[in-house]
Each structure stands twice: as structure tokens, then as C-alpha cells.
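Chemist: Using this note's numbering, you'd call the opening residue of the sequence shown number 52 and step up by one each time. All residues carry an ideal CB built from backbone N, CA and C; glycine is no exception.
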Amino acid sequence: MSGPRLLEDNTTSVELYRTVLASLHDSGTPFVIGGTYALEHLAGVTRRTKDLDLFILEEDWPAIQRALGASGVEAHMEFPHWLAKAIRGSDLVDLIFAGGNGLVRVDMEWISHGTPGVVLGFPVHICPPEEMIWSKSFVMERERFDGADVLHIIRRSGRDLDWQRLRRRFGENGNVLLAHLLLFLFAYPDARDLVPEWLLDDLWSRRSIPPDVPDRVCRGTLLSRAQYLVDVHGWGYGDARLAPIGHMTEEQVAAWTAEVEPAMFPSPA
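In C-alpha cells, the structure reads:
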């Protein structure tokens, strides 16, 4: 699999990607390929790309940073709760170990269920479709909505999906999966048989709010880092990214939303 064309066929980007892949491969660090490379493989959707997404285990980050440093690649933690970056000039590789909402986390199942492939001449594993759906299902920003990617993955890979594992991934957030499946049935009425009836029945029967969700908590912050800030800062709602529902600290939430808050709450003139 050669993968998507790099934006403007950037040679320096290819060099960085190959250096990062070689460093992780030589150090024996487990990872899977995500982003547009995985989307082409899992959904048949080809896009130009200007970066490379690798899903890693959080505990491997120190070893990865050392390995990349030995290869002359700067690497730093961009957001401590989910994302690191490898950088050379204007080129970069995203090293992802969780979702931006702190809910989705990379574990060994991502690695063990990855699909073998070849990217830029290196033997790799592609992100499993179940985990790709899980991670993309929570991306509902105003400027980016990954729902179409979710639907395309189901349309292309639905017959081979481990629906039981996918259901388990969502846990008490099954309403999010249900929403995407209903959109799938709307978009592809000819492919209804791809979605198991038992799964729709199970999700519908559990559609009520879990009893342990506190009153006045907005779970929209698990879907967008920006669009529900007004609920938290202006309307008196609690932030579901924080305990007892979420896994992020107040410091992590503040760092994650610092770039978007000025746009949501501009200073008075």
C-alpha cells in the first residue's frame, strides 16, 4: 500500500516519515498507522495528506522520544493527555495515544488487531476498523466532523467488523454509536444488512442516560472541545471530561481548550 499522495508531493515530509517509521521499527516499538493511510485501507477513501498519524501506547512515549532523538528527530509532548509530535522543520508526525476528549485510549488491542500492510516501504500494521470507528465517532467539531469517515468505514469493512468488540469499546456511550448507525442506515439504505439487528436492539434498549451520570453535566464536551464551552462556562453545566465521567484533569482541559476559548468568548471591545 503506497498510501495517499502527500500534499504537493513533499519530499522532506517523506524523509521524515521514513525516519520515524524506521526508528520505531528498529526499536521494536509497537504502533499502528492511522489517519489518511488507514482511511484509504479501511474505507477506500483517498485523500492528500500533509502529515502521518501513528497510534502508540502512552507508556512507550519515553522510549520513542529517545529513539527519535537518536535519529535526529525532535519530539515533544504537545498535549500530555493525548498527543505528542515528531517534528523536522515544517514537517510533522502525530504520535497519538488517546483521544482529545480523554475518553478513547490506545491499548494493546489496537496493536494485536491491526492489519498488516506496507507504508513507504516499511512493514506496518494499519489501525483496526473497530478502533478507528471508536476514535472518529467522537470528533464533531464545527470545522471537522468525522461522521462520514465512520460511515465509509462501515460501508467498506462492515462485513468483517467485530461488532461485539466495537460495542464494548463504547461502553456507556452507546448513544454515540447508535447515532452513527442511524446515520449509516439513512445514507446507505441498500446496506442495511451490514448493521446487526441485535446491536441496534441493544443500543436502543440502553438509550437512556446511565443512572450514574450527575444532573447538569454536559456530555457534549466529549464530542467537541469548543462548541459546548458555553454550556460549561455560561449555562452552569458540569464538564463531562472531568471525573466522575471523564478522565481529564482541570489543567488538561484548560490546556486543551486554551486555543479555542478566545474565539468562543472574545474579550469585550
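(1) Between residue 57 and the rest of its own chain, which residues show a CB-CB distance below 8 Å, the 5 nearest in sequence each way excluded?
(2) Could you say if the stretch 295-315 and the stretch 263-273 meet the contact criterion of at least three C-beta pairs nearer than 8 Å?
(3) Please check the pair residue 207 and residue 305, which I expect to be a contact at CB under 8 Å, by giving their CB distance rounded to whole angstroms.
(4) Put residue 113 into one of helix, strand or coil per three-state DSSP.
(5) Looking only at its chain, what residues have a beta carbon closer than 6 Å to the beta carbon of residue 220, apart from the 5 residues adjacent to it on each side?
(6) Just verifying my parser: in three-state terms, what is the DSSP assignment at residue 174?
(7) Which partner residues of residue 221 appear in the DSSP bridge assignment?
(8) Measure the C-alpha to C-alpha separation of residue 268 and residue 251 and round it to an integer number of angstroms.
(9) Determine the contact status of residue 234 and residue 202, defining contact as a CB-CB distance below 8 Å.
(10) From the DSSP output, which residues share a beta bridge with residue 289?
(11) With distances taken from CA atoms, which of 80, 155, 122 is nearest residue 217?
(12) Could you check what DSSP says for residue 104 in three-state terms: helix, strand or coil?
(13) For residue 285 and residue 279, I'd like the C-alpha separation in whole angstroms.
(14) Taking only the alpha-carbon atoms, compute the straight-line gap between residue 225 and residue 71 and give it to the nearest angstrom.
(15) Can you tell me which of 209, 81, 200, 302 puts its alpha carbon nearest to the alpha carbon of residue 118?
(16) Could you check whether residue 176 and residue 96 sit closer than 8 Å to each other, using their CB atoms as the reference points?
(17) Going along the chain, which residues of its own chain have a beta-carbon closer than 8 Å to the beta-carbon of residue 258, five neighbours each way excluded?
(18) Where does residue 82 sit, in a helix, a strand or coil, going by DSSP?
(19) At what residue ranges does the stretch 117-186 contain a whole run of the alpha helix (DSSP H), taking only runs of 4 or more?
(20) Round the Cβ separation of residue 145 and residue 105 to the nearest angstrom and send it over; I've been treating them as touching at under 8 Å.
(21) Apply the 10 Å Cβ neighbour rule to residue 137 and answer buried if 16 or more other Cβ atoms are within range, or exposed otherwise.
(22) Thinking just about the alpha-carbon of each residue, which of 121, 276, 209, 263 is nearest to the one in residue 244?
(23) The alpha helix (DSSP H) with residue 190 in it runs from where to where?
(24) Buried or exposed: which applies to residue 79, given that a residue is buried once 16 or more other Cβ atoms fall within 10 Å of its Cβ?
Modeler: Quick answer:
(1) Summary for residue 57: the model assigns pLDDT 45, below 50, so the residue's position carries little reliability, and this model does not support an answer.
(2) yes
(3) Actually they do not touch by this definition, with Cβ atoms about 39 Å apart.
(4) helix
(5) 185
(6) strand
(7) Residue 221 pairs with nothing; no bridge assigned.
(8) 26 Å
(9) yes
(10) Within the DSSP bridge table, the entry for residue 289 names 268 as partners.
(11) 155
(12) The three-state reading of DSSP puts residue 104 in strand, counting E and B together.
(13) 10 Å
(14) 36 Å
(15) Looking at the Cα atoms, 81 is the closest of the given residues.
(16) no
(17) 225, 226, 229
(18) strand
(19) The qualifying runs are 159-163.
(20) Right, their Cβ atoms sit about 7 Å apart.
(21) buried
(22) 209
(23) Looking at the DSSP string, residue 190 is not in any alpha helix (DSSP H), and its letter there is neither H nor E.
(24) It counts as exposed.
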